[in-house]
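Every number in our numbering is 23 more than the matching position in the sequence shown, counting from 1.
Heads up: the structure comes next, in structure tokens.
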Amino acid sequence: MTSTHTRPAEPTSDSLVESLAPLPAPPSLAALRDALSSPGVIPLEVDALIAAIAQRPAEDPEALRERTDYLLSLMTLPGDASVLTGSAGITVRTAAVEALLELGYPYALEVPPDALERARRERRLPTTEAPPSRILRSPVLATTATLLCLVLQLVLMALPDVRSLDDMGALLTPYLLPVVAPALLAILGTWTKTRPLQYLGSLGLGIQGLVWFGGVFMLTRMASKVPWLWVAAPWYLPFIACYLVWPRPLPPPEADS
24 MTSTHTRPAE PTSDSLVESL APLPAPPSLA ALRDALSSPG VIPLEVDALI
74 AAIAQRPAED PEALRERTDY LLSLMTLPGD ASVLTGSAGI TVRTAAVEAL
124 LELGYPYALE VPPDALERAR RERRLPTTEA PPSRILRSPV LATTATLLCL
174 VLQLVLMALP DVRSLDDMGA LLTPYLLPVV APALLAILGT WTKTRPLQYL
224 GSLGLGIQGL VWFGGVFMLT RMASKVPWLW VAAPWYLPFI ACYLVWPRPL
274 PPPEADS
């Protein structure tokens with residue numbers, strides 16, 4: 024019994040031409056970025072961009088500079104393009120931050136701090152922003168310290184001039200306005216959560232603390248037997264009130280958390 028062998032068919036001219044045709048070039052980085060802002064973007068396009076920026080460019084200063092500018096542009100894409108998520112669950116913005124960090128010094132220094140914090144939160148890594156204590160954020164504590172500071176300053180500055188009920192007008196003298204105004208602005212801004220008033224009040228309290236500190240320092244240098252002024256004079260209370268009243272950083276938007 025003889026076996027038969029079939030001879031492979033000769034390639035036709037059409038198949039030869041198809042095999043020699045150049046493969047389609049991968050889309051450029053600019054095209055991948057533009058695709059994110061177009062309607063109907065699909066996760067595969069997001070994955071293609073994330074994979075492309077993960078590849079380190081050539082060790083050429085011009086190429087590294089061009090890649091840095093490109094990655095920075097990905098962090099500020101219009102609309103929701105920068106927060107599109109790939110199949111790995113990472114947004115384009117976070118992938119751009121990580122790719123820019125991989126470029127090393129000095130390019131990694133150009134990562135915006137807010138983008139770095141959002142990337143850390145997205146990766147569930149420890150952030151550099153330590154949330155203030157709940158006690159320090161309490162408006163009651165800030166108001167109490169501010170009122171105590173105001174009362175002590177009024178006692179030391181105004182009450183010695185009040186000898187009778189007819190002299191109560193001494194409490195309304197113009198030189199007390201710089202003492203009263205910052206405290207009132209700070210308290211009002213704290214309870215109404217008006218940040219400009221908090222800034223003004225806190226700044227005024229800080230200036231008051233500097234004035235009291237300077238006065239106490241000069242008196243203790245002139246007279247060596249008055250160390251009690253460091254405790255009796257309210258130089259430290261304005262600083263404490265200034266710290267407590269100073270508005271805390273705003274929480275990140277819900278979309279970025």
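Heads up, the beta-carbon is just placed ideally off N, CA and C, and yes, glycines get one too.
Assuming Val-120 and Ile-73 make a contact with CB atoms under 8 Å, what is their CB distance in whole Å?
Numbered from 1 along the sequence shown, position 97 holds the residue referred to as residue 120. Numbered from 1 along the sequence shown, position 50 holds the residue referred to as residue 73. Wrong, their Cβ atoms sit about 12 Å apart, outside the cutoff.
Would you kindly work out how many angstroms separate the C-alpha atoms of Gly-212 and Leu-200, rounded to a whole number?
Within the sequence shown, the letter at position 189 stands for residue 212. Within the sequence shown, the letter at position 177 stands for residue 200. Gly-212 and Leu-200: Cα-Cα distance of roughly 18 Å.
Could you tell me if Phe-240 is buried or exposed, where buried requires 16 or more neighbouring beta carbons within 10 angstroms of its beta carbon?
For the purposes of this step, residue 240 is taken as the residue at position 217 of the sequence shown. Phe-240 is exposed by the Cβ-count criterion.
Give every residue of the same chain whose Cβ lies closer than 8 Å to the Cβ of Thr-166, excluding the five residues on either side of it in the sequence, and list them in chain order.
Position 143 of the sequence shown, counted from the first residue, corresponds to residue 166. For Thr-166, where only same-chain residues beyond five positions count, the Cβ hits under 8 Å are Ile-210, Thr-213, Trp-214.
Quick one: grab the DSSP three-state call for Thr-99.
If you number the sequence shown from 1, residue 99 lands on position 76. Taken through DSSP and simplified to helix, strand or coil, Thr-99 comes out as coil.
Answer with buried or exposed for Arg-56, where buried requires no fewer than 16 other C-beta atoms within 10 angstroms of its C-beta.
Walking along the sequence shown from the start, residue 56 turns up at place 33. Using a 10 angstroms sphere on the CB of Arg-56, the tally of other CB atoms reaches 16 or more, which defines it as buried.
Please state the DSSP three-state secondary structure of Thr-217.
As a working note, residue 217 is residue 194 in the sequence shown. Coil.
Would you please verify whether the beta carbon of Val-115 is less than 8 Å from any beta carbon of chain B?
The structure shown contains no chain B; it is built from a single protein chain.
Among Gly-112, Ala-256, Ala-264, Thr-217, which one has its Cα closest to the Cα of Val-163?
The residue you call residue 163 lines up with position 140 of the sequence shown. The candidate whose alpha carbon is nearest that of Val-163 is Ala-264.
So if DSSP puts Thr-114 in a beta bridge, which residue, or which two residues, is it bridged to?
The count along the sequence shown starts at 1 and reaches residue 114 at position 91. Thr-114 is bridged to Thr-108.
Since Ala-142 is in the alpha helix (DSSP H), which residue starts that stretch and which ends it?
If you number the sequence shown from 1, residue 142 lands on position 119. Its alpha helix (DSSP H) spans residues 136-145.
Distance check for Leu-208 and Pro-219, CA to CA, integer angstroms please.
Residue 219 sits at position 196 when you count from the first residue of the sequence shown. Residue 208 sits at position 185 when you count from the first residue of the sequence shown. Pro-219 and Leu-208 have their C-alpha atoms roughly 9 Å apart.
Does the separation of the CB atoms of Phe-236 and Trp-269 fall below 8 Å?
Working through the sequence shown from its first residue, we reach residue 236 at position 213. Working through the sequence shown from its first residue, we reach residue 269 at position 246. Not closer than 8 Å, so no.
Determine whether the beta carbon atoms of Val-64 and Ala-58 lie at a separation below 8 Å.
Here residue 64 is taken as the residue at index 41 of the sequence shown, counted from 1. Here residue 58 is taken as the residue at index 35 of the sequence shown, counted from 1. In this structure, Ala-58 lies closer than 8 Å to Val-64 by Cβ.
Leaving out the 5 sequence neighbours to the left and right, which residues in its chain are closer than 8 Å to Ala-256 when beta-carbon positions are compared?
Indexing the sequence shown from 1 puts residue 256 at position 233. The residues are Leu-179, Trp-235, Gly-238, Val-239.
Considering Cα atoms alone, identify which of Pro-80, Thr-99, Thr-243, Leu-267 is closest to Leu-228.
Stepping through the sequence shown from its first residue, residue 228 is reached at position 205. The option with the nearest alpha carbon to Leu-228 is Leu-267.
Would Ser-110 and Pro-66 be called neighbours here (beta carbons separated by less than 8 Å)?
Counting from one through the sequence shown, the residue named residue 110 turns up at place 87. Counting from one through the sequence shown, the residue named residue 66 turns up at place 43. Their beta carbons are under 8 Å apart, which means Ser-110 touches Pro-66 by this criterion.
Drop a sphere of 10 angstroms on the beta-carbon of Leu-132, count the other beta-carbons inside from all chains shown, and report buried for 16 or more, exposed for fewer.
Here residue 132 refers to the residue found at position 109 of the sequence shown. It counts as exposed.
In whole angstroms, what is the alpha-carbon distance linking Ser-161 and Lys-216?
If you number the sequence shown from 1, residue 161 lands on position 138. If you number the sequence shown from 1, residue 216 lands on position 193. Cα to Cα, the separation comes out at about 12 Å.
Report yes if the C-beta distance between Glu-125 and Arg-79 is below 8 Å; otherwise report no.
Start at 1 with the first residue of the sequence shown, and residue 125 comes out as number 102. Start at 1 with the first residue of the sequence shown, and residue 79 comes out as number 56. For Glu-125 and Arg-79, yes; Cβs fall inside 8 Å.
Identify the continuous alpha helix (DSSP H) that holds Ile-263 and give its terminal residues.
Looking up residue 263 in the sequence shown gives position 240. 259-268 is the extent of the alpha helix (DSSP H) around Ile-263.
Terminal residues of the continuous alpha helix (DSSP H) containing Ala-77?
In the sequence shown, the residue the question calls residue 77 occupies position 54. Note, Ala-77: alpha helix (DSSP H), 66-77.
Within a Cβ cutoff of 6 Å, which residues of the same chain sit near Asp-92, ignoring the five residues on either side of it in sequence?
For the purposes of this step, residue 92 is identified with residue 69 of the sequence shown, where counting begins at 1. Around Asp-92: no qualifying Cβ.
Grab me the residues of Ser-225's own chain with a C-beta within less than 7 Å of its C-beta, minus the 5 sequence neighbours each way, in chain order.
In the sequence shown, residue 225 corresponds to position 202, counting from 1. Closer than 7 Å at the Cβ level, and outside the excluded window around Ser-225, lie Ala-209, Cys-265, Val-268, Trp-269.
Would you kindly report the start and end of the unbroken alpha helix (DSSP H) that includes Asp-57?
As a working mapping, residue 57 is identified with position 34 in the sequence shown. Taken as a continuous stretch (DSSP letters only), the alpha helix (DSSP H) holding Asp-57 covers 52-59.
By Cβ distance below 7 Å, which residues in the same chain neighbour Leu-223 in space, the five residues on each side in sequence not counted?
In the sequence shown, residue 223 corresponds to position 200, counting from 1. Leu-208.
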